[in-house]
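Student: Going by our numbering, the sequence shown wraps up at 367, each residue one higher than the last. Sharing a structure here in structure tokens format.
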Amino acid sequence: MQRHSRHGRARHVLSVVLTAATGLVAAAGTSGAAAPQPTRAARHGGLTTIRLVYDWPGIDFEAVPITAGDARGYYQKLGVKVDIVIPPTTSTTVKMLAVGKGDIGFDTTTDVVFAQAEGIDVKSIANYSQDNNWGLVAPPGRRIDLKRLKGASIGIFTDSWTQAMMPYVLRAAGLSAGEISTPIFTSDDIAPLLAGKIDFATNTLNYAIAEVMGATGRRPTTLLATNFGAPNVPIWVFTAMSSWLKSHGSEARAFIAATRKAFAWSIAHPAAAVKDFVAAYPKNGSSEQYNLNGWRATIPVLGATGTLLRQRASQWTEVARALRAVKLLGKVLPASSYFTNAYL
24 MQRHSRHGRA RHVLSVVLTA ATGLVAAAGT SGAAAPQPTR AARHGGLTTI
74 RLVYDWPGID FEAVPITAGD ARGYYQKLGV KVDIVIPPTT STTVKMLAVG
124 KGDIGFDTTT DVVFAQAEGI DVKSIANYSQ DNNWGLVAPP GRRIDLKRLK
174 GASIGIFTDS WTQAMMPYVL RAAGLSAGEI STPIFTSDDI APLLAGKIDF
224 ATNTLNYAIA EVMGATGRRP TTLLATNFGA PNVPIWVFTA MSSWLKSHGS
274 EARAFIAATR KAFAWSIAHP AAAVKDFVAA YPKNGSSEQY NLNGWRATIP
324 VLGATGTLLR QRASQWTEVA RALRAVKLLG KVLPASSYFT NAYL
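Here it is in structure tokens:
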């Protein structure tokens with residue numbers, strides 16, 4: 024999902040796999056039949072390797088629980104090793120799973136719904152977050168008034184979440200798409216915002232806070248989408264193809280069990296968890312303080328410890344209905360088409 028102010032590319036000294044775009048074009052036209060999957064997951068040193076396809080062509084602080092889980096041995100204790108696969112673009116995570124170039128994906132709820140609409144049988148197997156923290160962003164101290172958005176320039180990305188949320192902005196402001204300017208950015212819309220090149224940015228709160236605090240020492244002004252009618256549903260989830268899950272259910276369970284422990288530990292020890300991330304990705308492109316600010320701003324949307332990673336049928340119904348309400352989706356499928364809690 025292309026939604027954040029993210030910086031640079033990185034190399035994991037332990038387990039990053041950089042994946043080129045070769046062969047992904049065919050996946051874009053898949054009709055739902057997955058490419059042949061390997062009969063067994065790869066094994067290294069007695070551990071089964073799980074390829075986790077990231078949602079961004081570079082690494083950032085949302086990978087903190089995974090790297091902390093690796094550093095603390097949570098995955099190894101359950102017999103798995105996680106290799107983070109960096110995709111070539113922000114729109115290829117599901118496609119890579121569909122053609123067997125990854126096992127588990129880190130993606131968005133909207134991408135799952137759109138994939139199912141196209142006949143790609145990918146399912147969410149666990150929530151990453153529990154809330155919708157996307158919204159409009161302004162420099163510190165500047166007020167955001169929806170009634171005065173006419174003629175404003177609002178930085179956007181081309182991902183599915185932005186497409187789903189922007190109609191709620193326009194509806195609340197009483198505007199048509201032609202009454203605002205929406206310059207498109209590919210990696211960072213916060214720096215242009217702080218430089219005065221655009222009036223507002225769109226972003227999730229954790230990334231906006233991390234960058235604005237790093238540049239100004241102050242928190243940005245934000246107006247979350249939930250304040251103007253958008254559903255309060257999770258943005259990020261872990262996903263897998265149904266065909267892969269049928270053959271690798273034990274690996275999926277091990278991944279989720281270890282990840283839940285890693286989340287709980289990283290929430291309780293944010294500074295130490297970020298140090299694990301920086302040790303794993305020393306060339307992540309951002310300062311340790313930026314990553315710590317970002318991870319701390321991510322923690323509030325992860326939910327209570329007792330509900331970490333758990334999904335609700337209602338969240339998927341809300342996501343699909345929201346997409347249909349803004350005319351981005353034709354048919355709402357049963358919630359069970361989008362998710363399963365069977366591996367929690």
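The C-beta atom is built at its ideal place from N, Cα and C for all residues, glycine as well.
1) Please state whether DSSP places Ala263 in a helix, a strand or coil.
2) Check this for me: beta carbons of Leu352 and Val108, under 8 Å apart or not?
3) Does Val48 pass the burial test, meaning 16 or more other C-beta atoms within 10 Å, or should it be called exposed?
4) Looking at Thr133: is its Cβ nearer than 8 Å to the Cβ of Val355?
5) Could you please give me the residues that DSSP links to Lys224 through a beta bridge?
6) Could you give the residue range of the beta strand (DSSP E) that holds Ser147?
7) Does DSSP classify Thr185 as helix, strand or coil?
8) Given that a residue counts as buried once 16 or more other Cβ atoms are within 10 Å of its Cβ, and exposed if not, what is Asn255?
9) Near Val349, which residues of its chain fall below 6 Å by C-beta distance, leaving aside the five closest residues on each side in sequence?
10) Straight-line CA distance for Met188 to Leu246?
11) Check whether the Cβ atoms of Arg241 and Pro323 sit closer than 8 Å, and answer yes or no.
12) Return the chain-ordered list of same chain residues with a C-beta closer than 6 Å to the C-beta of Thr373, the five sequence neighbours on each side being excluded.
13) So Tyr361 packs on Gln186, CB below 8 Å; how close in whole Å?
14) Which ranges would you report for the alpha helix (DSSP H) in the stretch 240-325 if only whole runs of at least 4 residues count?
15) Assign Ala51 to one of two classes, buried (16 or more other C-beta atoms within 10 Å of its C-beta) or exposed (fewer than that).
16) Identify the continuous beta strand (DSSP E) that holds Phe129 and give its terminal residues.
17) For the beta strand (DSSP E) that Thr72 lies in, which residues bound it at each end?
18) Quick one: Cα of Ala64 to Cα of Glu85, how far?
19) Take the Cβ of Gln312 as the centre, count every other Cβ of all protein chains shown within 10 Å, and call the residue buried at 16 or more, exposed below.
20) Identify the residues that DSSP records as bridge partners of Ser204: which are they?
21) Do the stretch 171-184 and the stretch 213-229 touch if we need at least three Cβ pairs shorter than 8 Å?
22) Terminal residues of the continuous beta strand (DSSP E) containing Asp106?
23) Looking only at its own chain, which residues have a Cβ that is under 6 Å from the Cβ of Pro61, when we skip the five neighbours before and after it?
24) Express the C-alpha separation of Gly201 and Val301 in angstroms, rounding to a whole number.
25) Quick one: what's got a C-beta closer than 7 Å to Ser152's C-beta in the same chain, skipping five residues either side?
26) Cα-Cα, which of Asp106, Asp130, Ala275 is closest to Trp79?
27) Count the other CB atoms, across all protein chains shown, that sit within 10 Å of the CB of Lys306; report buried if there are 16 or more and exposed otherwise.
28) Applying the criterion that 16 or more other CB atoms from any shown protein chain within 10 Å of the CB defines a buried residue, is Thr112 buried or exposed?
29) Quick check: what's the CA-CA separation for Ile279 versus Ala149?
Tutor: Taking the geometry as given:
1) Three-state DSSP puts Ala263 in a strand.
2) no
3) Its pLDDT being 33, under 50, Val48 is placed unreliably in this model, and the value from its coordinates should be taken loosely. Result: exposed.
4) no
5) Looking at the sequence shown, residue 224 is not Lys but Ala. Its beta-bridge partners are Val160, Gly178.
6) 145-150 is the span of the beta strand (DSSP E), which, as asked, contains Ser147.
7) helix
8) exposed
9) Pro190
10) 12 Å
11) Between Arg241 and Pro323, the C-beta gap is not smaller than 8 Å, which leaves the two residues out of contact.
12) Because residue 373 is not part of the residues shown, which for the chain are 24 to 367, the question remains open.
13) Contact between Tyr361 and Gln186 does not hold, since the beta-carbon distance rounds to 18 Å and is not under 8 Å.
14) 265-270, 272-291, 293-303, 311-321
15) Bear in mind that a pLDDT of 36 at Ala51, under 50, signals an unreliable position, so the number given afterwards is only what the model happens to contain. The residue is exposed, with fewer than 16 neighbouring Cβ atoms inside 10 Å.
16) 127-131
17) Where Thr72 is concerned, the enclosing beta strand (DSSP E) stretches over 70-76.
18) Confidence is the limiting factor: at Ala64 the pLDDT is only 49, short of 50, which leaves the residue's position unreliable and the question unanswerable from this model.
19) Exposed: under 16 other Cβ atoms inside 10 Å.
20) Ser176
21) yes
22) 103-109
23) Any reading at Pro61 must be qualified, since the residue scores a pLDDT of 35, below 50, and its modelled position is unreliable; no value is offered.
24) 43 Å
25) For Ser152, where only same-chain residues beyond five positions count, the Cβ hits under 7 Å are Pro257, Ile258, Trp259, Val324, Leu325.
26) Asp130
27) exposed
28) exposed
29) 7 Å
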